[in-house]
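**Student:**
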Amino acid sequence: MKKYNFNAGPSMLPREVIENTAKQILDFNGSGLSLMEISHRAKDFQPVVDEAEALIKDLLDIPSGYSVIFLGGGASLQFMQIPANFLIKKAGYLNTGTWAKKAMKEAKQYGEVVEVASSADDNYTHLPKNFEIPADLDYLHICSNNTIYGTELRKDIDAPVPLIADMSSDIMSRPVDVSKYKAIYAGAQKNMSMAGVTVIIVKDDELGKAPRELPTMIDYRTHVEKGSMFNTPPVVPIYTLMETMRWVKANGGVEAMDRLAKQRAEIVYNEIDRNKLFRGTVAEEDRSVMNLCFVMNDEYKDLEKPFFDFATERGMVGIKGHRSVGGFRASCYNAQTIEGVNALVQAMKDFEAQH
Ligand SMILES: *Cc1c(COP(=O)(O)O)cnc(C)c1O
């Protein structure tokens, strides 16, 4: 049976990306060696890193003066590496969910942290509104898409200070005004690659200003200076990332990804709003187009498990909501197809007809 992958991360990748990576794992560039067996310093691998970097710069239209680096440790390591490198005196954090809160916790080890606004009291069912941003912050940290709760900023907010963003779950899904940011980071396993590599975009002349000694591996300058080759980078995930970036470019770039994301989300949210069994969990104006969260309406609560089983039988994978929200979450990253969301919507309609 055909599977429709709605996993929140690691998540769906374009089939051709997987197939091309699989071929290189068997025989890298006709060398007779696997991509898994070669040195990261092999002359055939440097072009992979170079192309991945160039494609990210091209697709996001990154201005000069920024570097793109590939590290291990996930977005979670960035929660500490960002403040270690950029927190001089005081940083602001927008508390919009689990990941934003974790980032804020780590920053507190490095200086004063202001929670600029929070929607924690409402279980993060909307984004904070009408908050004031102090003008004396080193940076304002935002999580652009809240993977767990299904809210999304989807714009580069205007602030009197530079931004730093965790874009793990919506990078490459829309154009970004990178000039507003000191840094952008993303665990690649949601929208750019398989698990194992983190992409960090840093503004070069903001590095080296923090008033502390940094361990070599934590200092971004180490990796900028060595082109992500200070130590062994995650070779296969970087290769997959390069293939995915080629795919994004061949399919119209981030503008096309943005249009498609909105189209997919509209199809699913329209059904959530129409179908008597379901309701969305977040404020309409803050709905994410990447992670679409919904629950059973109160009078149909006992149908949650039956719907899950029904959808699973139809090939849906990964639609169970995060435990802190419950219900369902359909993650629709770049590789998600209109066919996939239509299959989900059809399952919702057919299930409704039975009840
Ligand atoms: C998944 C996710 C993370 C955690 O990423 P790891 O690579 O597992 O550390 C952080 N932030 C956001 C927004 C995420 O979606």
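With this note's numbering, the residue at position 85 of the sequence shown is 578, and numbering never jumps.
No residue lacks a Cβ here, since even glycine has one placed at the ideal position from N, Cα and C.
Quick check: does the Cβ of A568 come within less than 6 Å of any heavy atom belonging to ligand 1?
**Tutor:** Yes, the beta carbon of A568 sits closer than 6 Å to at least one heavy atom of ligand 1.
**Student:** How would you write the range of the beta strand (DSSP E) that L656 sits in, first residue to last?
**Tutor:** Per DSSP, L656 belongs to the beta strand (DSSP E) from 656-659.
**Student:** Tell me the rounded alpha-carbon separation between K813 and A600.
**Tutor:** So the alpha carbons of these two residues sit roughly 31 Å apart.
**Student:** Could you check whether the Cβ of T725 sits closer than 6 Å to any heavy atom belonging to ligand 1?
**Tutor:** Because no heavy atom of ligand 1 lies under 6 Å away, the Cβ of T725 does not count as near it: no.
**Student:** Out of V510, T591, F579, state which residue places its alpha-carbon closest to the alpha-carbon of P730.
**Tutor:** Nearest of V510, T591, F579 to P730, Cα basis: V510.
**Student:** In three-state terms, what does DSSP make of Y632?
**Tutor:** Three-state DSSP puts Y632 in coil, outside helix and strand.
**Student:** Taking all protein chains shown into account, do 16 or more other C-beta atoms lie within 10 angstroms of the C-beta of R752, making it buried, or fewer, making it exposed?
**Tutor:** So R752 counts as exposed.
**Student:** Given a threshold of 16 other Cβ atoms within 10 Å of its Cβ, counted over all protein chains shown, does M841 qualify as buried or as exposed?
**Tutor:** Buried, because 16 or more other Cβ atoms sit within 10 Å of the Cβ of M841.
**Student:** Within the same chain, show all residues whose beta-carbon is closer than 7 Å to that of L796, passing over the 5 residues directly before and after it, in chain order.
**Tutor:** These residues qualify, in order along the chain: L770, M789, H848.
**Student:** Identify the residues that DSSP records as bridge partners of E605: which are they?
**Tutor:** E605 is bridged to K583.
**Student:** Span of the alpha helix (DSSP H) holding R767?
**Tutor:** Where R767 is concerned, the enclosing alpha helix (DSSP H) stretches over 746-767.
**Student:** Just how far apart, CA to CA, sit V654 and I626?
**Tutor:** Going by the C-alpha atoms only, they are around 8 Å apart.
**Student:** Taking the C-alpha atoms as reference points, what is the distance between V818 and D791?
**Tutor:** Between V818 and D791, the C-alpha separation is close to 14 Å.
**Student:** For C825, verify whether its CB is less than 6 Å away from any heavy atom of ligand 1.
**Tutor:** False, no ligand heavy atom lies under 6 Å from that Cβ.
**Student:** If you follow the beta strand (DSSP E) that I694 is in, where does it begin and where does it stop?
**Tutor:** From DSSP, the beta strand (DSSP E) with I694 extends over 691-696.
**Student:** List the residues that DSSP assigns as beta-bridge partners of F844.
**Tutor:** None, per the DSSP bridge assignment.
**Student:** Can you give me the start and stop residues for the beta strand (DSSP E) that Y678 sits inside?
**Tutor:** Y678 -> beta strand (DSSP E) spans 674-680.
**Student:** What I want to know is whether the C-beta of C636 ends up closer than 6 Å to one or more non-hydrogen atoms of ligand 1.
**Tutor:** Answer for C636: yes, Cβ within range of ligand 1.
**Student:** Inspect the beta-carbon positions of K675 and Y617 and report whether they are closer than 7 Å.
**Tutor:** Cβ distance not < 7 Å, so K675 and Y617 don't count as in contact.
**Student:** How big is the Cα-Cα spacing for V609 and L506?
**Tutor:** V609 and L506: Cα-Cα distance of roughly 35 Å.
**Student:** Taking only heavy atoms of ligand 1 into account, decide whether any of them is closer than 6 Å to the Cβ of T733.
**Tutor:** No, the Cβ of T733 stays beyond 6 Å of every heavy atom of ligand 1.
**Student:** If you draw a straight line from the C-alpha of Q539 to the C-alpha of A823, how long is it?
**Tutor:** In a straight line, the C-alpha of Q539 is about 37 Å away from that of A823.
**Student:** Would you kindly check if the distance between the Cβ of L587 and the Cβ of I657 is under 7 Å?
**Tutor:** No, they are not a contact pair.
**Student:** Less than 6 Å between the CB of G811 and some heavy atom of ligand 1, yes or no?
**Tutor:** Flag unset: Cβ of G811 not near ligand 1.
**Student:** What is the rounded straight-line gap between the Cα of G558 and the Cα of M494?
**Tutor:** Taking the straight line joining both Cα atoms gives about 49 Å.
**Student:** Return the first residue and the last residue of the beta strand (DSSP E) that N784 is part of.
**Tutor:** Per DSSP, N784 belongs to the beta strand (DSSP E) from 784-789.
**Student:** Cutting at 8 Å between CB atoms, please list the residues of its own chain near V671, excluding the five before and the five after it.
**Tutor:** Answer for V671: L553, D554, I555, P556, Y559, I677, I694, listed in chain order.
**Student:** Can you check whether the C-beta of V541 is within less than 7 Å of a C-beta belonging to chain B?
**Tutor:** Given the protein chain composition of this structure (a single chain), no chain B is represented.
**Student:** Alpha helix (DSSP H) containing R508: first to last residue?
**Tutor:** Per DSSP, R508 belongs to the alpha helix (DSSP H) from 508-519.
**Student:** Starting from F821, trace the beta strand (DSSP E) both ways and give me its first and last residue.
**Tutor:** It spans 821-824 - the beta strand (DSSP E) in which F821 sits, taken as one unbroken run.
**Student:** DSSP beta-bridge partners for I562?
**Tutor:** Its beta-bridge partners are I693.
**Student:** Give me the Cα-Cα distance between A754 and M660, rounded to the nearest whole angstrom.
**Tutor:** Computed Cα separation, rounded: 15 Å.
**Student:** Could you tell me whether the Cβ atoms of N638 and S662 are closer together than 7 Å?
**Tutor:** Contact flag set, yes.
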